[in-house]
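Everything below concerns the one structure shown next.
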Amino acid sequence: MITGTLWSIALGTHLLCMAYWIGGGLVVWRSDLLSERSLSGVQSLSLRFQNYARYYRTLWHVMPLSALTGIALGIRLGEPLPAIYHLMTLCWIVMTALFCWVYFSPLRELKRALQMKPASLLRIRKATLLMIFVGIIATCAGAFRELI
Numbered sequence: 000m001i002t003g004t005l006w007s008i009a010l011g012t013h014l015l016c017m018a019y020w021i022g023g024g025l026v027v028w029r030s031d032l033l034s035e036r037s038l039s040g041v042q043s044l045s046l047r048f049q050n051y052a053r054y055y056r057t058l059w060h061v062m063p064l065s066a067l068t069g070i071a072l073g074i075r076l077g078e079p080l081p082a083i084y085h086l087m088t089l090c091w092i093v094m095t096a097l098f099c100w101v102y103f104s105p106l107r108e109l110k111r112a113l114q115m116k117p118a119s120l121l122r123i124r125k126a127t128l129l130m131i132f133v134g135i136i137a138t139c140a141g142a143f144r145e146l147i
């Protein structure tokens with residue numbers, strides 16, 4: 000059972016992980032839209048690819064850390080977890096699946112390609128947006144867990 004300072008550290012780390020996962024996704028998604036509109040051709044595709052590559056590379060560290068801190072926060076309760084925790088865990092699983100799909104399919108495909116493909120970037124953008132929405136659901140569930 001985690002108490003006191005350790006629980007505060009776990010909660011703070013978990014919130015920072017979720018802030019990066021959701022907030023970073025919003026920043027990358029928005030910069031993707033802006034660079035698509037303002038730049039043209041190879042410059043736009045290259046910048047968009049680099050933004051997504053950096054974001055998803057950093058998520059490799061955020062994803063397991065958020066899982067560990069989430070488990071630590073659940074262990075603190077020491078009793079059967081309420082349904083809201085299961086909803087947040089399901090959201091984490093969906094977000095992780097989306098992350099893995101993007102990282103191992105369209106992003107890797109773009110790394111190997113001799114020419115950038117706008118269709119692959121569009122798939123990455125849609126998956127990132129879906130990941131953001133699922134993360135917002137998980138965040139709202141965590142924020143309102145006392146009300147349910």
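Note that numbering that gives the first Met the number 0 numbers the sequence shown so that position 52 is 51, with each residue one more than the last.
Beta carbons are placed, not taken as given, at the ideal position from N, Cα and C, and that holds for glycine.
Alpha-carbon spacing of residue i relative to residue j, whole angstroms
i, j, result
"Pro63", "Asp31", "26 Å"
"Leu72", "Ala18", "17 Å"
"Ile83", "Gly40", "45 Å"
"Tyr55", "Leu38", "22 Å"
"Ala52", "Trp91", "21 Å"
"Gln42", "Phe48", "10 Å"
"Gly69", "Glu78", "15 Å"
"Ile158", "Met87", "In the structure as shown, the chain starts at 0 and stops at 147, and residue 158 therefore has no counterpart that could be examined."
"Ile135", "Leu25", "11 Å"
"Met115", "Ile21", "26 Å"
"Arg107", "Leu121", "14 Å"
"Ser45", "Arg111", "13 Å"
"Phe103", "Ala126", "13 Å"
"Leu5", "Trp28", "34 Å"
Which of helix, strand or coil DSSP assigns to residue i
i, result
"Ser104", "coil"
"Pro63", "helix"
"Ala148", "In this structure the chain extends from 0 to 147, so residue 148 is not present and cannot be described."
"Gln49", "helix"
"Ala96", "helix"
"Ala71", "helix"
Alpha helix (DSSP H) segment containing residue i, residue limits
i, result
"Phe132", "Pro117 to Ala142"
"Ile8", "Gly3 to Ala18"
"Ser39", "No alpha helix (DSSP H) holds Ser39; DSSP gives it neither H nor E."
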